[in-house]
Every structure is written in C-alpha cells, then in structure tokens.
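> Sharing a structure here in structure tokens format.
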Amino acid sequence: MSDQSPHRIRGFLLVTMGVLFISPDSLLIRLADQPLEIQLFWRSLFQGIGLALFTGLRYQMNWWKQVRQVGRPGWVVMLGLICSSTCFVLAIQHAQVAHVLLLLNTTPVIAGLLSWLVLGEKINHSTWILIGISIVGSTLIVMDSAAMGESGSSAFGLFMALGAALATAINFLGARSRAPLDVTPVLVPACFLLSIGSGLLGGATLPPWENLRWLLLLGGVCLPMAYIGIQSGPRYISAPETSMIMLLESVVGILLAWLFLQELPGKLGVLGGGLVLSGLLTKAWWEWKQPFQ
Numbered sequence: 003m004s005d006q007s008p009h010r011i012r013g014f015l016l017v018t019m020g021v022l023f024i025s026p027d028s029l030l031i032r033l034a035d036q037p038l039e040i041q042l043f044w045r046s047l048f049q050g051i052g053l054a055l056f057t058g059l060r061y062q063m064n065w066w067k068q069v070r071q072v073g074r075p076g077w078v079v080m081l082g083l084i085c086s087s088t089c090f091v092l093a094i095q096h097a098q099v100a101h102v103l104l105l106l107n108t109t110p111v112i113a114g115l116l117s118w119l120v121l122g123e124k125i126n127h128s129t130w131i132l133i134g135i136s137i138v139g140s141t142l143i144v145m146d147s148a149a150m151g152e153s154g155s156s157a158f159g160l161f162m163a164l165g166a167a168l169a170t171a172i173n174f175l176g177a178r179s180r181a182p183l184d185v186t187p188v189l190v191p192a193c194f195l196l197s198i199g200s201g202l203l204g205g206a207t208l209p210p211w212e213n214l215r216w217l218l219l220l221g222g223v224c225l226p227m228a229y230i231g232i233q234s235g236p237r238y239i240s241a242p243e244t245s246m247i248m249l250l251e252s253v254v255g256i257l258l259a260w261l262f263l264q265e266l267p268g269k270l271g272v273l274g275g276g277l278v279l280s281g282l283l284t285k286a287w288w289e290w291k292q293p294f295q
C-alpha cells in the first residue's frame, strides 16, 4: 500500500461527504415551499454563516488576507455562486427535480468549453465527443418534458437549470484560474450579498417554523458541509476521481425526489440522462486510467 493511500482515502471521503450533503438540496427547496426571495434570503444567510464559521476557524486572523489573495477571479466566483443559486431555486420551483439534476450534469462540459474559450486550454477529442453526447442527452431531456405535458417541466424551469449549470461552470472557471489557492472564503461575502439583495426584494420575512426548519437544515448544515467536502477533497484525489464521485449527486437526488415527492422522469428523460451520465463516467474512468497505462 502506497504512502499516499491515507490521503486518497481522505479525499474520497471528503468528496463523498460533500455529494451526500448537497444531494437533498432540491428536496429541501420543495419542502420549504416558499417564494424565491424568501428561499434565497434564508438559504444564503444560513449558508454564509456556516461558511464564515468554517473559514474563520481555519484562517482566523488571515481570513481577509485569503480573500484578497484570490484577486479579481474572486468576483467571478462570487457572481457564479449568486447566479447559480438563483437559477437553481427557480429551476426546482418550475421543473421536475430529475430533469433539473440531469441537466446540471452538463456543468463539467460547459466548464471545459469555457476553459477553452477563456483560459486557452486545449480540448481533446474525447471531450468533444462528450460535448456532442451531452447535447443529444440534454435534447432528449427537453423532449421528455414536452412529452409529459402539464405534468412535465416548464420551458422556463429547464432554461433555469441550464442557467444554473452555466453559472456553476463560471464559478469553477474562476476557482480554477487561482488554483491551488483556496477560494472558499470568497463564498462568504457572496452569500451575504445574495441574502441582502433578496431581503431588499421582500425576502426578509420569517416563514412558519415548519418551512423555516428545512431552510435552516439546507443553508446551515447541508450547503456548508457540501462546499467544505467538494472544495477540500480534490486536494487529495485527481479531477477524474472527483468527477466520478460527483455523478452520485444526480442519482441520490433523483432517488430522494422519487421517495418523498413521487417524481420520476419519463423514458426519454432516463435515456437522455443516462447518455450524459455514461459519457461523463466513461471519460472520467478513462482519464483516471491514463497514468497507470
């Protein structure tokens, strides 16, 4: 057993923890059952407090220095978080959970395209093939929603899901441009800015406890723990390994939606989502095997 094994195990555990904590996100949004501005106000407020406690304990007096070191890309990370959170909540409110989560699997593909356009990183043949597969898969998901009629997802909801994927990819792009620097502290002001903005739009309203408890669980526990795991894990394992574990999010999320909301995609949605998942898993597995060949 290699000396790196304990570190690899730690990486796998951290990313898996992050995925398991973020998977109930869509379910908790539905259970909270509040308007957009109220959802965003409490979700981002609790998330900001949770991340502030974690990063404050970690960096202590060097917290602000860590934020400043990120520089201009930090604004990109902040914008990505604010837009992705807004689009995701809107998507869950106007589309089936399964359709949203399956479309969010296109995030790595969009991130690859943005890295090519903005950072000048080369895209290999396998990535171009994956992009084509993702386009076909996403088209099938949209067709599935249309075929389901009124019980399916609205066009607006699907558009917001793609918007969330794009915004998340932009967030990743900003973080990648400052690698290996930890950009997690930058998420704290982003959360509070989103909370303030939502509050000014009427979100600073105290909902009943039976609704607020889900937002507290989501923003105060699930999202901070998810970001801690997903941000920290890749320091110990490779990007392909991280990508493979991240695919669990859509699987667990769809399972939770089926168990608690009785929502399932149609045949075209399963086929389209399966294409995207299979393509991502195959590419991640192939890249992971390269160093050992």
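So the sequence shown is residues 3 to 295, counted in my numbering. By construction, the Cβ of each residue, glycine as well, lies at the ideal position given by its N, Cα and C atoms.
#1: Can you tell me whether Ser128 is buried or exposed, with buried defined as 16 or more other CB within 10 angstroms of its CB?
#2: For Leu103, tell me which candidate among Ile11, Ile51, Asp27 has the shortest Cα-Cα distance.
#3: Nearest by alpha-carbon distance to Gln233: which of Met80, Gly13, Leu47 is it?
#4: How many angstroms separate the CA atom of Met318 from the CA atom of Leu225?
#5: Between the region 134 to 153 and the region 264 to 280, do three or more beta carbon pairs fall short of 8 Å?
#6: Given Val278, which residues of its chain have a CB within under 6 Å of its CB, disregarding the five upstream and five downstream residues?
#7: Could you tell me if His101 is buried or exposed, where buried requires 16 or more neighbouring beta carbons within 10 angstroms of its beta carbon?
#8: Pull up the distance between the alpha-carbon of Pro210 and that of Leu257, whole angstroms please.
#9: Cα separation between Glu251 and Phe48?
#10: Check whether the region 197 to 206 and the region 152 to 170 are in contact - that is, three or more C-beta pairs closer than 8 Å.
#11: How about Gly231 and Gly20: are their beta carbons less than 8 Å apart?
#12: Could you check whether Arg32 and Leu263 sit closer than 8 Å to each other, using their CB atoms as the reference points?
#13: Ignoring anything shorter than 4 residues or poking outside the region 176 to 208, list the alpha helix (DSSP H) runs there in chain order.
#14: Suppose the cutoff is 6 Å on Cβ atoms and the five residues either side in sequence are ignored; what does the same chain contact list for Val79 look like?
#15: Do Ile112 and Leu168 come within 8 Å of each other at the CB atom, strictly closer than that value?
#16: Tell me the rounded alpha-carbon separation between Ser4 and Tyr238.
#17: Could you give the DSSP three-state label for Tyr238: helix, strand or coil?
#18: I need the straight-line Cα distance from Leu15 to Gly235, nearest angstrom please.
#19: By Cβ distance below 8 Å, which residues in the same chain neighbour Leu218 in space, the five residues on each side in sequence not counted?
#20: Between which two residues does the alpha helix (DSSP H) holding Cys224 run?
#21: How far does the alpha helix (DSSP H) with Val120 in it reach, from first residue to last?
#22: To the nearest angstrom, how far is it from the Cα of Gly73 to the Cα of Trp260?
#23: Nearest by alpha-carbon distance to Val223: which of His9, Ile11, Pro8, Ser25 is it?
#24: Leaving out five residues before and five after Lys285 in sequence, what residues of the same chain have Cβ atoms less than 6 Å from its Cβ?
#25: Pick from Val253, Trp288, Leu282, Leu116: whose alpha carbon is nearest that of Leu22?
#26: Nearer than 7 Å: is that true of the beta carbon of Gly134 relative to any heavy atom of the ligand MG?
#27: Label Thr170 either buried or exposed according to how many other C-beta atoms from any shown protein chain fall within 10 Å of its C-beta, with 16 as the threshold for buried.
#28: Please go through the same chain and pick out, in chain order, the residues whose beta-carbon is closer than 8 Å to the beta-carbon of Leu164, but skip the five residues on each side of it.
#29: How about Thr88 and Val190: are their beta carbons less than 8 Å apart?
Once the coordinates are examined:
#1: exposed
#2: Out of Ile11, Ile51, Asp27, Asp27 has the C-alpha closest to the C-alpha of Leu103.
#3: Gly13
#4: Outside the displayed range of the chain (3 to 295) lies residue 318, so it cannot be described from this structure.
#5: yes
#6: These residues qualify, in order along the chain: Asn107, Ser136, Gly139.
#7: When all chains shown are included, His101 counts as buried.
#8: 27 Å
#9: 22 Å
#10: no
#11: yes
#12: Yes, these two residues count as a Cβ contact at 8 Å.
#13: Here the runs fully enclosed are 186 to 200.
#14: Short of 6 Å from the beta carbon of Val79, and not among the five residues preceding or following it, lie these beta carbons of its own chain, in chain order: Asn173, Gly176, Ala177, Val185, Val188.
#15: yes
#16: Unreliable placement is indicated for Ser4, whose pLDDT of 46 sits below 50; the coordinate value is still reported in the next sentence. Each residue's alpha carbon lies about 13 Å from the other.
#17: coil
#18: 8 Å
#19: Trp44, Phe48
#20: Run containing Cys224: none; DSSP gives neither H nor E here.
#21: Counting along the chain, Val120 falls outside any alpha helix (DSSP H), and DSSP gives it neither H nor E.
#22: 43 Å
#23: Of the listed residues, the one whose Cα sits closest to Val223 is Ser25.
#24: Ser128, Leu132
#25: Val253
#26: The ligand MG is not among the ligands present in this structure, which contains no ligands whatsoever.
#27: buried
#28: Leu105, Thr108, Ser140
#29: no
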